[in-house]
Amino acid sequence: DFLNQLSLEEAKAWLTAINGVGPKTAAIILLFAFNRPAFPVDTHVHRVTQRIGLIGPKTNAERAHIELETIIPPEEYYAAHLNIIRHGRTVCHARHPNCEACPLTSFCDYFQSHSSESR
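Now the structure itself:
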C-alpha cells in the first residue's frame, strides 16, 4: 500500500529496481492493482500502436510507454490497454493481420502501405 504514497515516478522506480520487473510489469501493477495512471505496453500494444501510427516504426517498447502516456488520457489507460490488446490478439496479428476485418484501416499506416503494394 505504500506505493500509493509514492509519486508515480518513484513507484515505477521502486518496482523496476526489483530484479525481473521492467516498465511493462511495473505499469501493469500500478494500473491494475493500484489504479495509478501508468500505461502498460506489451507486444500487442506495441505492434498495434506502431501500425496505426501512434508511435513511430522505430520506437522501442520502453520509449513507447512514455509516448503513449502522453497521447492517451490517463482516465482511458485501463480501457485503451485492454482494447488494444484484444485488437492485437484478434485482428492485428503479428503475422498475417486480418486487415479486411479491421475498423482502423482508414488511418492505419500498415494497411495503407501494404494495400498500395498490392495495387
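In terms of our numbering, the sequence shown is numbered consecutively and its last residue is 120.
Glycine included, each C-beta is placed from N, C-alpha and C at the ideal position.
The structure presented is a predicted model; accordingly, all values stated were derived computationally and were not measured.
Local Cβ density within 10 Å of residue i, reported as buried at 16 or more and exposed below that
i: P58; result: exposed
i: P104; result: exposed
Test item: CB-CB of residue i and residue j under 8 Å
i: W15; j: L9; result: no
i: A12; j: H66; result: no
i: H82; j: P41; result: yes
Residue i - DSSP class collapsed to helix/strand/coil
i: R120; result: The predicted position of R120 is uncertain, since its pLDDT is 45 and thus under 50; a value taken from the coordinates is nonetheless stated next. It is coil, neither helix nor strand.
i: P104; result: coil
i: R96; result: coil
i: I85; result: helix
i: P58; result: coil
i: N5; result: helix
Sequence-distant residues of the same chain with beta carbon closer than 7 Å to residue i, five excluded per side
i: I56; result: T50, A65, E68 and L69
i: H45; result: I85, I86, G89 and R90
Contact set for residue i: own chain, Cβ-Cβ below 8 Å, skip 5 residues either direction
i: R37; result: L4, N5, L9, A12 and L31
N- and C-terminal bounds of the alpha helix (DSSP H) containing residue i
i: T71; result: A62 to I72
i: V49; result: T44 to R52
i: A14; result: L9 to T17
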